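In my numbering, the protein residues as written are 2 to 329.
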């Protein structure tokens, strides 16, 4: 797939580099006049006409630059429109530094972000493995440092992962990272070239688990890695937890039994000024969170990246099917 990982998202782009970019952008943003935190919108009143705040602006919903974010951004936008808000979309805005800075500048009002990204990339803190602890930390620090609010997180986890075909995993009795570490010297791993050198790649796994000395490592473009696995050129693939290919090909995601990778649950991150002026935004978007499991997100991603459906259509069908908006 390749818009889903072409930017290599979170970890593979290099959290240190992104942190430096965010720092430069934050300094630039402080020097920019005209940043506006008051241009917020309200839903239409009971008689269907917009009130004065809504007439002054709209809720600006953005997303980052890969398939899953397109779907989530559309879901947020459609839910808000259904609740009576006027919504401006900035889908495919850019990567984490761009989206985060746009939020700080008041150029957008909300976008989907991942707890692990907030922890490691934006806040530059150390790895934590407990999902609730990670969420609590990013929620607290974003509010204190940026005046941004995290709404409810979905149970889905789009963390970095390792996967195998179900048949091969069962043949070898592998279901966890520890199982894999013990047999890695008989197996071939496929993934992006930087995985062999990054601390959140093979070196980190070797330190955390021991083993993980593969017979060979196929370093190829991320868009080709699943093909190599399915063709039998590799036994294990570097993946992300909600990749559409996992569901489409019934692949087995191995359990990270030592908690090496942090959780990557998704939630809307909203400017607090906007939320204070429009508190119904929270209730509107929080209805979606419990429905987005890892399996469901894999299926939705595959509908776009594997079947060629449009993100807005996939988002609309899901919301209608789950009774969150009315069909048309």
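From the three backbone atoms N, C-alpha and C, an ideal C-beta is built for every residue, glycine too.
Since we're looking at a predicted model, the values are computed, not measured.
Beta carbon of residue i nearer than 8 Å to that of residue j
i           : j           : result
residue 132 : residue 269 : no
residue 159 : residue 246 : no
residue 262 : residue 161 : yes
residue 76  : residue 289 : yes
residue 216 : residue 188 : yes
residue 267 : residue 113 : yes
residue 285 : residue 80  : yes
residue 205 : residue 195 : no
residue 182 : residue 218 : no
residue 231 : residue 250 : yes
residue 118 : residue 252 : no
residue 179 : residue 296 : no
residue 62  : residue 84  : no
residue 329 : residue 292 : no
residue 65  : residue 96  : yes
Nearest-angstrom Cβ-Cβ length linking residue i and residue j, presumed shorter than 8 Å
i           : j           : result
residue 338 : residue 104 : Nothing in the structure corresponds to residue 338, since the chain is present only between 2 and 329.
residue 139 : residue 116 : 5 Å
residue 287 : residue 153 : 4 Å
residue 150 : residue 142 : Their Cβ separation, rounded to whole angstroms, is 12 Å, which puts residue 150 and residue 142 out of contact at 8 Å.
residue 255 : residue 175 : 7 Å
residue 130 : residue 260 : 3 Å
residue 220 : residue 197 : 6 Å
Residues bridged to residue i (per DSSP)
i           : result
residue 253 : 165
residue 282 : Note: residue 282 sits in no beta bridge, so no partner.
residue 269 : 113
residue 237 : 190
residue 63  : 91
Tell me whether the region 63 to 82 and the region 287 to 303 touch, counting them as touching only if at least three CB pairs, one residue from each stretch, are closer than 8 Å. Touching, yes.
Would you mind listing the alpha helix (DSSP H) stretches within the region 147 to 235 that are 4+ residues and don't spill past its ends, in chain order? Here the runs fully enclosed are 167 to 173, 178 to 184, 203 to 210, 226 to 231.
Taking the runs of the beta strand (DSSP E) that are 3 residues or longer, which of them lie wholly in the region 78 to 148? Annotation: the region 78 to 148 contains the following complete segments of the beta strand (DSSP E) (minimum length 3 residues), in chain order: 88 to 95, 111 to 115.
If contact is defined by three or more beta carbon pairs under 8 Å, each pair taking one atom from either stretch, is the region 190 to 198 in contact with the region 235 to 246? The way I'd put it, the region 235 to 246 does touch the region 190 to 198; three or more beta-carbon pairs between them come closer than 8 Å.
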